[in-house]
Amino acid sequence: MDYTEKDFSKILKSNALKMRRMMLKSGTTCMRVYDRNLERFPVTVDLYGPYARVTDYSEEGLDEEEERICCDIVSRMLYVQADREIFHRRPKRVGKEQHSLQGETSLVVQVTENELFFTVDLTKRIDTGLFLDHMATRMLVESMSRGCRVLNLFSYTGSFSVYAARGGATSVESVDLSSTYTAWAEKNLADNGYSTALYPCVAADAWQYVVEALSSGKVYDLIIFDPPSFSNSRKMEYDFDVQRDYQRWMKVLNALLAREGKLVFSTNLGTFRMDTKAVRGFEVQEITAQVAAPG
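Just so you know, this note's numbering puts 959 at position 111 of the sequence shown, and the rest follows in order with no gaps.
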């Protein structure tokens, strides 16, 4: 074992020990324990109950031997059985192509995060249905939601909505273009005891939804805006690019917010830059460092 393998082992073991203590205290069975800390191992390692999911972010993919070494270390350091370890390659998008399904079959399990229930699929899709690096942001949304009318745009599987509901929101509307993810969000809400009659999930184009909401006079106290970096779905009239389009969106969302209303804007685009001088009507506060995932 060379020094980088030893460093990888130490990071995994140290993070897992620290995080498992946190997990036990908080009623959590899923957490990120490693996030591309070492150049040789450009992977993320996520725990989902008894399973470990290793995602390879390298440009060309780890070779067979490197994959074997990586998975062996993860299995030993995290005490995860080899047959409960899932290895995924996350290919870099070329141009404007969309990510496709990864597997033919699903491995669906239910996990808990801060005593809330979420369904994840560990094998079929690029993403599992729950972004573990967003846990702190979800907790922030919960703390902001009491008495609020909440709009969750690009709501995916509804995890922000579940936290907002538990936080005491008077209403939560979840909007996502995908009917699959909309149904998934409804299940996550229902599994936590929240009726979709009170917390509706809508399969719709988010832009059309906010334009219609604006024309009908709707007002929200908290808006969650967590869009993809890019989307060119055939269901959309136009493509979406977060860097190009964020100012147009923020202008409309500002018009939907009540006085003293708040917008939580999140993007996973590492190169994203916000021109705060061009964003009118908002007092912008960057909180990336405060909500960054451990690991």
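The beta-carbon is built from N, C-alpha and C at its ideal position, and this holds for glycine as well. Bear in mind that the values here come from a model prediction, so they are computed numbers and not experimental data.
Pair within 9 Å by beta-carbon distance, residue i and residue j
i: T877; j: E961; result: yes
i: Y1011; j: E1034; result: no
i: D1074; j: S1003; result: yes
i: K1099; j: G1065; result: no
i: F935; j: E915; result: yes
i: V1139; j: Q1095; result: no
i: V891; j: Y899; result: no
Spatial distance of residue i from residue j (CA atoms)
i: T967; j: G977; result: 7 Å
i: D904; j: T985; result: 24 Å
i: R880; j: R1121; result: 26 Å
i: R924; j: S1114; result: 35 Å
i: F979; j: T1124; result: 27 Å
i: S1009; j: E1021; result: 8 Å
i: A1051; j: M870; result: 35 Å
i: K866; j: L988; result: 22 Å
i: L910; j: V956; result: 26 Å
i: D931; j: N1102; result: 49 Å
Buried or exposed by the 16-neighbour rule on C-beta atoms within 10 Å, applied to residue i
i: Y927; result: exposed
i: G856; result: Sequence inspection shows Phe at residue 856; the Gly mentioned does not correspond to that position. Its Cβ being crowded by 16 or more others within 10 Å, F856 is buried.
i: N1080; result: exposed
i: K944; result: Note that K944 has pLDDT 47, beneath the 50 cutoff, so the model's placement of it is unreliable and no number is given.
Nearest residue (CA-CA) to residue i, options the options
i: T1018; options: S1043, D920, T1005, R924; result: S1043
i: K861; options: V1100, L895, P890, R888; result: L895
i: G1015; options: L964, Y1086, Q1133; result: L964
i: L1046; options: A1038, D1053, A1052; result: A1038
i: V1059; options: A1013, K1110, L1001; result: L1001
Requested in this report: Indicate whether the contact test is met: 3 or more Cβ pairs, each with one atom in the segment 1057-1071 and one in the segment 988-1004, closer than 8 Å.
Outcome: yes
Report task. Would you check if the segment 1027-1039 and the segment 1104-1122 touch, i.e. whether three or more CB-CB distances between them fall below 8 Å? Result -> no
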